[in-house]
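A.B. asks:
Residue numbers (our numbering): 137 to 2122.
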């Protein structure tokens, strides 16, 4: 700021110095005494200006001291001179103003004179026209008179003829015979004609009379025909009206039928009046007539249209020609103008030259005259002297002239130099200003640029660079990827921990089992010990043979009692041990739980402490933040402040710029002022010199002094004139203002008067209306009840209704209670029955089983009830939701409709306001144009006036003289023009009055002529004669005028033709309006007839009363006669009565109309309601059908579930039975197994439920997808449609809807069929499974039977033993004890040996049977599974993933059931082995525990395998080859297990029997095993090869075919895609091209074949995928998925961008279409309004003419009856009075009718407008309803990404095509416009037609291209559809499966190697074999090409 102040101060100093220098320079120039000093100063000042050198005080004082005195003197002089200058300037200004005013007045007078001349010409022309009109009128009057005379004669003749005919009819004698009429007038005519024929001369009067007679006859005939034709026309019009009504009615019915297609709407026939029965013939005839009329009208309209089109083309051609002529005329005019200007300039130059020559010649003549006068004198000397003098004078004159020329040249040079000097000075000033402005502008620009750069720098400082952002994004992406990896690892770790926990739990349970088993073993050992002791005691007792029998029995009994006690004690011990163990366990459990609780409490305490610390810290932080917030400001405020600061900085910069601009302007202004001051000073000096010269001139002589005085006078006059002119102008402006004010006031007065008049009229009308309404209300409510009574009635009614409602509610409640009671009674009865059955069952033996069954059934029922309840709740919720949606839609529809109505109203109001605004603006524009033209004219005239200034080259006195002359001339001209103006104004007024009269006369004559024309037929000869007369009269003065006249005539004719066409149109419309009016009139007439009838009755009654009163009066004494006042009063009363009747009738008519309109509206509303109800019913039916379908599906699924539940229940029952069996047995492992099975079953049930839900969701998704496809298809069709197609669509909406519905139905049916097929296939699978289960159950039953048989045998053996023991006890052989004991011992040994054999057999049999059966079952199962899986594969390729999961789960269930069967078998075998001896029991138990442990381990392995298998199954889609490989692997694993078991058993047997068996036996066994292995492996390989060949042959064939087809299809697609779009990258989801995919497929197939070969060779192996490998694979899969998602997102963004651009384009197109439609609507509405207005005017004209004629007739009648009244009687007088009354009534009725007709027309207009609005609203509502239906059908979030992509691609292509077409069309239009603009002068209609044809062809070609593009789009869509994501997923799955199989193969090979090494069998490596096989097969001929 300081720097800027310093700069400004320096600038000011410089400016002051410059000013000082300029003033000093001026003073030095004036005085010119000190030139050197001024030069020194200037130099110094220049130095100061340039270098800014500071001036010292010493130099200043030295310069100023000598100049101060001079400066003071100069200042004084300056002041004096300035005052003088100002006086002179004022005088000059006054004179200039006077001159200007005089010139302006002159121009006005000239313009007035021109206008007067123009008006006089027009008057002359008008007078001529008047004269012509008068002559024509006189002619017509003469003709009229002649015609009237002829008519009179003819009438007389006709009367005579009529009289003669009447006489003939009256005479009875002449009826039969022939009669001859005697008519004197006709005879005269005939005689005249004969005389004319006979003689050349004839009487003209007679001839004329004859003609008149003929014409009168014709006239009468024509009149009769006219009347008949009118009657016919009236009848036909009535018929037409009826027909139109019927047609309208039928159209409405058709519309209704179309609207309600398919619904049961009754068709209404033709509406006939009451009492007339319709017959088919009448109806057909009427319809035929209507059809004929309609066809005729159509033909007429078509003809008219054709004529109009032809005329339009003609007029267009004519218009083009006229335009061309006009342009040519303008060109000619311009060229002539230029030529005229050039000629005028040349003439002026020649004139100047001639004037110079004339002056020279005049001087010469003067000299010659002087010489001649001198020569006439005497003496020679005189002559000589004269001659010498003359010579001298001539020489002097010549010298003078040469000097004058030199002087003039010098003056011109000086003038030019001065002009150039002035120009240069001005240029210098302008240059300086411009340079200053430019410098300032640049400085400002610089400052602004600096400011902007600073602002941008700030923004840049706040922002971040792109590279940094990208780096940050990359880092973020990397972090997210790492985070994902970490999460995945966490998940893996969680899984691992879960598995470890599961294994730990299993280990713990196993340990517990081991402990329990150990305890049992201890117990058994103790028991054994006790038994051994007992046995020893027995042996001891046995040795003591001396004991008595009694003692033995006592000992036996003691032994038994002791054994019982021991057993009891053992049992107690066991129970106590178990209790102790249980208590110990509980104690440990409690202790652990306490420890956990303590740990948990400790953790919670620590956490709580941490939380408190955190809370305290947070509170501190919060306090800190609050303190900061108290001082701080919110972000919004800070942002606003920043914004404000930026804005203020901007404004500061702008203000600075403005300040600098203003400074520059001020500097420039200062400089310019200084320059002007200098110029003014120089001018003042020049003026001073001129004044001095004038003074010198005055001092020379008296004459010159006189001239100077005159000059002063002239100057004073000029000044006074200027002042006078200024005053005049001010006065004129004031006058104009006052006039304008007056006009405004007058206008306001008029407006107020009009408003008053309108207010009064409105008041009167309102009063009338109020009276009428009061009367109508009185009539209406004559019999109405008072309000109090009505309120009482309403109250009583309301009370009754309330009572009724209460009673109804009570009834409902009682009914509900009754139902509830009935339900309760039913329930009680059921419970009673149930109790009875329970009691009966309890009494029975099988009670428990029945109770169990009942319990199961009740559980099932409860479950079903719960499910049903849940479904009910869901359904109710869905219904509520749907109802809410419907209500919301209805609300939205109503709100939208209201908004639409409001918007339409608002739009109409806005449109009206806009139209008014446009009109006002156009008016203002016209006014401004007019003003501008006037100003321009005034300026031109002023320039012309100023151009006539005196030449400045002439001397001053000459100039003054010329100026005086001109002023005088101007004054004279002004006076003359004023006088002429006044006279012309008077003439104008006269002429205008004459014109008005003439126009009135012409109008009246035109009317007469038109009537005559209508009566008489127009002839061509008359027109020709008129044309010839016109030609003769208008003889052209010149050829040019003739041309112009011809052109004008042609233009006028064209206009006339146009008007005639328009008139024809309007006549057609008038006819229609008349027909409508006739209908209305008819109705009115009918009403009038009724009213007349009523009036007649009333009048008759009144007349009868009047007569009676009159007779009474006559009979009575003669009373004073009723005066005229009474009659007038009577008439008035009757008039009022009539008026009231009329008002009544009009009100009744209005009421009828209103009621009819209401009925129509009611009908329309009812129809709409019906339609809506039908639509609702349809929707409800559709919904009900859908619900039924869903319910049916649900029921099917329920059935399936119930079936599965039954199966599961049966399995449960079996399991329970097994449980019971197991509970009898001492094992606890079975319980665990059963529990596991239960949990698995529960899981499976849950999975089944989930599957059913998934199926339901699938179906819903399928239906949604179908709907989406349909909607997308319809949207594509709609998008591709043109404007014409859209219009067609509006007409064919119903058809398209029906077709769409049919298509939808077909698609849905197909979908249903497919779903049913799927369900059938599933049911088949289930049936197969159930059959298999039944078979297994049968086998199980057989095994049970065998078990029972074995049990029976065991029981028999036990009985035998008991018998033997009892027999032994029973025998009393004491002596033979030893022998018996020995025998018994032998028997026991035998039995033991037998038992051992049986046990061995039992053990060997199941092992053999087990091995053989297992192998067979597995083979059979393998085969079945392979066949089933192949069948299911073909089916499941069509289905989706979730159904696949179902099948897998079913397979797993089967496996589990198979395992359960196996476990059953093992259990049964174990049961067989139980019993007999303690040793066997002990051994068996040990074996069982070992076996159970092994089986548990195996089961764990199996379960892990199953889990891994399930995961792989769920993760990947299934392929036939890989599944075969898996089956083979499984089989090999099982085989390996079998071999391992055998091997372990053999090893065990070897170790156990090593002492007994020999080495030879071992060698044999080994050899046999080797042979067995070889044979089995060969057998298996052969079987596998056979099965594989059988399976693979058809599959491989189908694959080869499919692959070939795929290859061909892909090649075609590739070619097409390369043609259209180039190479498509990322055709599928894996961004690979088609050839790459083909290569990959080929490679994958080869690899798969290799794997198959290797698997065929690898038959025995076992291996399980580790969890780590699985995790790695899953990670890879997830990475791939993430990449896919990224690609999807990228594609989505691109598609969304394209879609947005496309939508914008479409929106633009739609907006343009809507705008065009709106414009069309506006035009049509305006046209309709004009038509209606014209119709109304024509109707009014017709009515007025009819009324005039009627009034004329009445007047004539009144005049004719007037004289008769005097001599009439009282009766006749009364009749006349009555007729007059009737006439007055009729007049009033006519006026009422006219008013009513007007009101009817207005109402019709309103009705039409209303109907149009209703139709628009209907259309809009229908569109909305369609949209709503579409919205209803479309579910939320149904659209998939694929469908969106396809739609977007299609829309993008369509949009681009449309935009291209639009651009081309716009370009074509512009080109055509340019061509039409350039070739408008030359182009013919033929060329235009050709252009139109070319355009049409171009449009067609564009349409074809469009269709072609559409087809291409469809092809591309199909290609995209073929490339499903499943295709690429399958390839990826193949890769993954291949990797897995390779890994498995490696593991299997390693295991095989180990086994071969163990067994000592040599096996060839399958890889080497496969490589050899490949080498053999690798020939190009044998390789199959995929």
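Don't be surprised by glycine CBs; every beta carbon is placed ideally from N, CA and C. All figures in this text were calculated on a predicted structure; none of them were measured in a lab.
1) Please report the residue range of the alpha helix (DSSP H) in which residue 1090 lies.
2) How big is the Cα-Cα spacing for residue 107 and residue 1494?
3) Residue 854 and residue 234: beta carbons closer than 7 Å?
4) How many Å lie between residue 551 and residue 210 at the Cα?
5) Using the beta-carbon count (16 or more within 10 Å), is residue 717 buried or exposed?
6) Does the Cβ of residue 1077 lie closer than 6 Å to at least one heavy atom of the ligand MG?
7) Between the Cα of residue 1595 and those of 1624, 1584, 1581, 1632, spot the shortest distance and give me the residue it belongs to.
8) Please list the terminal residues of the continuous alpha helix (DSSP H) segment that includes residue 1573.
9) With a cut-off of 8 Å on the beta carbons, I'd call residue 1997 and residue 2038 a contact; round off their distance for me.
10) Is it buried or exposed, residue 576, if we count other Cβ atoms within 10 angstroms and call 16 or more buried?
11) Assuming residue 980 is part of the alpha helix (DSSP H), what are its boundary residues?
12) Just to check my reading of the structure: residue 969 and residue 977 have Cβ atoms closer than 8 Å, yes? What is that Cβ distance to the nearest angstrom?
13) Of the residues 1524, 772, 1191, 1485, which one's Cα is nearest the Cα of residue 450?
14) Could you check the C-alpha separation between residue 835 and residue 841 for me, to the nearest Å?
15) Let's see if you can read the secondary structure: which residues bound the alpha helix (DSSP H) around residue 572?
16) Residue 1113 and residue 248 - do their beta-carbons sit closer together than 7 Å?
17) In three-state DSSP terms, what is residue 899?
18) Span of the alpha helix (DSSP H) holding residue 795?
19) Assign residue 919 to one of three DSSP states: helix, strand, or coil.
20) Can you grab the Cα-Cα spacing for the pair residue 913 / residue 1294, in whole Å?
21) Classify residue 1356 as helix, strand or coil using the three-state DSSP reduction.
22) How is residue 353 classed by DSSP in three states: helix, strand or coil?
23) Using a threshold of 7 Å, state whether the C-beta atoms of residue 237 and residue 879 are closer than that.
24) May I have the straight-line CA-CA distance separating residue 220 from residue 824, to the nearest angstrom?
25) Can you say whether residue 1720 is buried or exposed, counting buried as having 16 or more other CB atoms within 10 angstroms of its CB?
26) Per DSSP, what kind of secondary structure is residue 601 in: helix, strand or coil?
27) Report the residue ranges of all alpha helix (DSSP H) runs contained in full by the stretch 1050-1076; include only those spanning at least 4 residues, in chain order.
28) Between residue 350 and residue 290, which are expected to be in contact by the criterion C-beta below 8 Å, what is the C-beta distance as a whole number of angstroms?
29) Which same chain residues end up closer than 8 Å to residue 192 when comparing Cβ atoms and leaving out the 5 residues on each side of it in sequence?
C.D. replies: Checking against the coordinates, here is how it stands:
1) What you label residue 1090 is simply residue 954 of the chain shown in a count that begins at 1. In the DSSP annotation of this structure, residue 1090 is not part of any alpha helix (DSSP H), being labelled neither H nor E.
2) The displayed coordinates of the chain run from 137 to 2122. Any statement about residue 107 would go beyond what the structure contains.
3) Taking the first residue of the chain shown as position 1, residue 854 is located at position 718. Taking the first residue of the chain shown as position 1, residue 234 is located at position 98. Against a cut-off of 7 Å, the Cβ pair of residue 234 and residue 854 comes out as a contact.
4) As a working note, residue 551 is residue 415 in the chain shown. As a working note, residue 210 is residue 74 in the chain shown. Each residue's alpha carbon lies about 30 Å from the other.
5) Translated into the one-based positions of the chain shown, residue 717 becomes position 581. Only exposed fits residue 717, as fewer than 16 other CB atoms lie within 10 angstroms of its CB.
6) The ligand MG is not among the ligands present in this structure, which contains no ligands whatsoever.
7) Here residue 1595 refers to the residue found at position 1459 when the chain shown is read from its first residue. Comparing alpha-carbon positions, the option among 1624, 1584, 1581, 1632 lying closest to residue 1595 turns out to be 1632.
8) Locating residue 1573 in the chain shown gives position 1437, counting from the first residue. DSSP places residue 1573 in no alpha helix (DSSP H); its state is neither H nor E.
9) Here residue 1997 refers to the residue found at position 1861 when the chain shown is read from its first residue. Here residue 2038 refers to the residue found at position 1902 when the chain shown is read from its first residue. Between residue 1997 and residue 2038, the beta carbon gap of about 6 Å places them in contact (Cβ cut-off 8 Å).
10) The residue labelled residue 576 in the question sits at position 440 within the chain shown. By the neighbour-count criterion, in which 16 or more other beta carbons inside 10 Å mark a residue as buried, residue 576 falls on the buried side.
11) Here the question's residue 980 lines up with position 844 in the chain shown. Per DSSP, residue 980 belongs to no alpha helix (DSSP H) and is neither H nor E.
12) One-based indexing of the chain shown puts residue 969 at position 833. One-based indexing of the chain shown puts residue 977 at position 841. Wrong, their Cβ atoms sit about 12 Å apart, outside the cutoff.
13) Counting from one through the chain shown, the residue named residue 450 turns up at place 314. Considering only alpha carbons, the answer is 1191.
14) Within the chain shown, the letter at position 699 stands for residue 835. Within the chain shown, the letter at position 705 stands for residue 841. Per the coordinates, the alpha-carbon of residue 835 lies some 7 Å from the alpha-carbon of residue 841.
15) Within the chain shown, the letter at position 436 stands for residue 572. Boundaries of the alpha helix (DSSP H) around residue 572: 516-598.
16) The count along the chain shown starts at 1 and reaches residue 248 at position 112. The count along the chain shown starts at 1 and reaches residue 1113 at position 977. In contact: residue 248 and residue 1113 (Cβ atoms closer than 7 Å).
17) Position 763 of the chain shown, counting from 1, holds the residue named residue 899. Helix at residue 899.
18) As a working mapping, residue 795 is identified with position 659 in the chain shown. 771-836 is the span of the alpha helix (DSSP H), which, as asked, contains residue 795.
19) Position 783 of the chain shown holds residue 919. Reduced to three states, the DSSP call for residue 919 is coil.
20) Within the chain shown, numbered from 1, the residue matching residue 913 stands at position 777. Within the chain shown, numbered from 1, the residue matching residue 1294 stands at position 1158. If you take the alpha carbons of residue 913 and residue 1294, they lie about 21 Å apart.
21) Within the chain shown, the letter at position 1220 stands for residue 1356. Residue state for residue 1356 is assigned as helix, using DSSP reduced to three classes.
22) Here the question's residue 353 lines up with position 217 in the chain shown. In this structure, residue 353 counts as helix in the three-state DSSP scheme.
23) Looking up residue 237 in the chain shown gives position 101. Looking up residue 879 in the chain shown gives position 743. Not a contact, by the Cβ cut-off of 7 Å.
24) Here residue 220 refers to the residue found at position 84 when the chain shown is read from its first residue. Here residue 824 refers to the residue found at position 688 when the chain shown is read from its first residue. Whole-angstrom Cα-Cα distance: 10 Å.
25) By 1-based counting over the chain shown, the position of residue 1720 is 1584. Taking all protein chains in view, the Cβ of residue 1720 is crowded by 16 or more other Cβ atoms within 10 Å, so the residue is classified as buried.
26) The sequence position of residue 601 within the chain shown is 465, counting from 1. Coil at residue 601, not helix or strand.
27) Within the stretch 1050-1076, no alpha helix (DSSP H) run of at least 4 residues lies entirely inside it.
28) Position 214 of the chain shown, counting from 1, holds the residue named residue 350. Position 154 of the chain shown, counting from 1, holds the residue named residue 290. Contact flag correct, Cβ pair sits at about 7 Å.
29) The count along the chain shown starts at 1 and reaches residue 192 at position 56. Residue placement at residue 192 is poorly supported in this model, since its pLDDT is 44, which falls under 50; the coordinates are not used for a value here.
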